[in-house]
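Number of protein chains: 2
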Amino acid sequence: MRETTAAESRPYHHGDLSRALIDAARRLLESEGPSALSLRAVAREAGVSPAAPYHHFKDKGELLEAVATEGWDMLNQSLSAARKSAQSVKDKLTALGVAYVVFARENPSLYRIMYDGSRNKEELPSHVHMEDDSAYCQVRDTLVEAGADPSDEIALELATTAAWCAAHGLAEMASFKQFDTLKTALGSEEAFLRGVFEHMKIFADDHGK
Amino acid sequence: MRETTAAESRPYHHGDLSRALIDAARRLLESEGPSALSLRAVAREAGVSPAAPYHHFKDKGELLEAVATEGWDMLNQSLSAARKSAQSVKDKLTALGVAYVVFARENPSLYRIMYDGSRNKEELPSHVHMEDDSAYCQVRDTLVEAGADPSDEIALELATTAAWCAAHGLAEMASFKQFDTLKTALGSEEAFLRGVFEHMKIFADDHGK
DNA sequence: AGATGATCTTTACGGCGTCCAGATATACTT
DNA sequence: AAGTATATCTGGACGCCGTAAAGATCATCT
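For the record, the sequence lines run as chains A and B.
24 is the number of the first residue of the first sequence in the working numbering; add one for each residue after it.
24 is the number of the first residue of the second sequence in the working numbering; add one for each residue after it.
Given below as structure tokens:
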């Protein structure tokens, strides 16, 4: 039980196998897709035996969770950047939504792991919902900036949830080939995304009647 | 090559193994969840050898596709019923959305297979998008009934897509525990769903400013 | 009755997640 | 400096999995 030493962080044989395993997993994820992401393949990619990961992760799920956490961090950064670069206040929310979908489109395998990988399907990862500057909180804050009433907590939560659902739904749909004609008709994928977000008002609209 | 006989539909040994396999798969899906849905387990449940399914389905994916197809049919029926029972024209679209999410909540494993199971992740199943009375077409028709301009094809497609994304996003989120407090604050899960749909207009709203 | 061909079983292969028993190298104790 | 404990990695094993090939079985057609 040595807990007093200074150079605590550097492990023994490999250097930093946890890190290497996560990197190997992300490499495999990009090159071969989620279905090729077996624990054995990750170990192989990292150059260790199939059982080695078990000294750093309880099981495969825990490794995937670590990968997913990095994905959420990346997403938070993407949203943060989009938030800053948005021109008008009014456009900020849509910019956030577009950034969300673009992230999912550019990292489809990682995005899948972020929702699928955590073996606990009954709740979102805590850092999505709770921590400051989490993706969810950024959306909520942006809503307030855009004019939502921060004192009406329920309405604010509903609106944040609505934005989140819209972005997630679109993120999973946008890759389907069926929308290709629509994308070309509108000129670009981003135009398509913005168009969809604009039409989200359909649920509260009377369509000019 | 006997193709002339009348009693064509009834196979040889088992009676109707394809049917039995699909039923066994759906039984397993409900009782054990999607992760327990191995081809061997399905064969076991149906009382045949592990290789028997290969005379009726090319591989595991094709069996899952058959299961998914039944799911889409069920969903189409749910939407159709909701469409008829909606009170006002204005409420029809939201009723459709609620019915969609309720279906996904009541058949979570099946819903997952419907999107995950088909090994072609690049397009939706054809009967979702193309056939008459498919879920997608029902949404589009309802939009027209509610006042959308049917001559502006692009806007109509965008609105339909927006509705579909909203419902799918909410369907995947609604099961998360994080929203429990919101649901109880609003009195019921349906109130929560309607609340979220109402707030979808956020993307085109100035929030009273 | 005999041939045909679809259906099912048996057996087998490689890959998977995971556990366990050793080997090895590092850190702590004295 | 020596010795012990402990964290790390390897090799092998177990029972699953998806799938393929070869043989048995049985309804149908001639």
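Every residue, glycine too, gets a C-beta built ideally from N, C-alpha and C.
Within 10 angstroms of the beta-carbon of T204 of chain B lie fewer than 16 other beta-carbons, which makes it exposed. Using beta-carbon distances, M223 of chain A counts as an interface residue toward chain B, with a partner under 7 Å.
If you look at H152 of chain B, you'll find it in the alpha helix (DSSP H) that goes 149-152.
Contact of F199 of chain B with chain A is assigned, a C-beta pair being separated by under 7 Å. For C160 of chain B, no CB of chain A lies under 7 Å from its own CB, so it is not counted at the interface with that chain.
Interface flag for G84 of chain A against chain B is unset, since no Cβ pair is found closer than 7 Å. When secondary structure is reduced to three states using DSSP, V71 of chain B falls in the coil class, being assigned neither helix nor strand. With a cutoff of 7 Å on beta-carbon distance, A66 of chain B and Y123 of chain B are scored as not near each other. With respect to the 7 Å criterion, V219 of chain A and L179 of chain A are not classified as neighbours on the basis of their beta carbons.
For the pair K81 of chain A and S58 of chain B, the Cα-to-Cα distance works out to about 19 Å. Around the CB of E53 of chain B, fewer than 16 other CB atoms lie within 10 Å, so the residue is classed as exposed. Counting only the Cα atoms, E68 of chain B lies some 32 Å from M137 of chain A. If you check each beta-carbon in the stretch 169-183 of chain B against every beta-carbon of chain A, the ones closer than 7 Å belong to A169, G170, A171, I177, E180, L181, A182. Bounds of the alpha helix (DSSP H) holding A185 of chain B are 176-196. Using a CB distance below 7 Å, no part of the stretch 88-104 of chain A faces chain B. In the three-state DSSP reduction, A214 of chain A falls in the helix class (H, G or I). DSSP places I136 of chain B in the uninterrupted alpha helix (DSSP H) bounded by 131-139. Per DSSP, reduced to three states, the secondary structure at K144 of chain A is coil, with no helix or strand assignment. For M223 of chain B, there is no enclosing alpha helix (DSSP H), as DSSP gives it neither H nor E. The stretch 104-131 of chain A is shown to contain whole alpha helix (DSSP H) runs of 4 or more residues at 112-129, in chain order.
F202 of chain A carries a helical assignment under DSSP once its states are collapsed to helix, strand and coil. With distances taken between CA atoms, S41 of chain B lies nearest to B:A75 out of B:A75, B:D96, B:V167. The beta-carbon separation of L147 of chain B and F199 of chain A, rounded to 5 Å, stays under the 8 Å limit for a contact. The alpha-carbon of M196 of chain B is positioned some 13 Å away from that of V121 of chain B. The beta carbons of L98 of chain A and A158 of chain A sit closer together than 7 Å. If you look at Y159 of chain B, you'll find it in the alpha helix (DSSP H) that goes 158-168. In terms of beta-carbon proximity, G56 of chain A stays away from the interface with chain B, with every pair separated by 7 Å or more. Less than 7 Å separates the beta-carbon of A185 of chain B from that of H222 of chain A. T117 of chain B reaches chain A at F226, counting residues in chain order whose Cβ is nearer than 7 Å. The continuous alpha helix (DSSP H) containing S54 of chain A extends over residues 40-55. Within the stretch 132-159 of chain B, the residues whose Cβ lies closer than 8 Å to some Cβ of chain A are Y138, K144, E145, E146, L147, H152, listed in chain order. Looking at the backbone, the Cα of E213 of chain A and that of F226 of chain B are separated by about 15 Å. Think of a sphere of 7 Å around the beta carbon of E213 of chain B: no beta carbon from chain A falls inside it, the nearest being about 14 Å out. Rounded to whole angstroms, D114 of chain B and R49 of chain B show a C-alpha spacing of 33 Å. DSSP, read as helix, strand or coil, puts H37 of chain A in coil. Ranking B:A64, B:I45, B:D175, B:D164 by CA distance to the CA of V90 of chain B puts B:I45 first.
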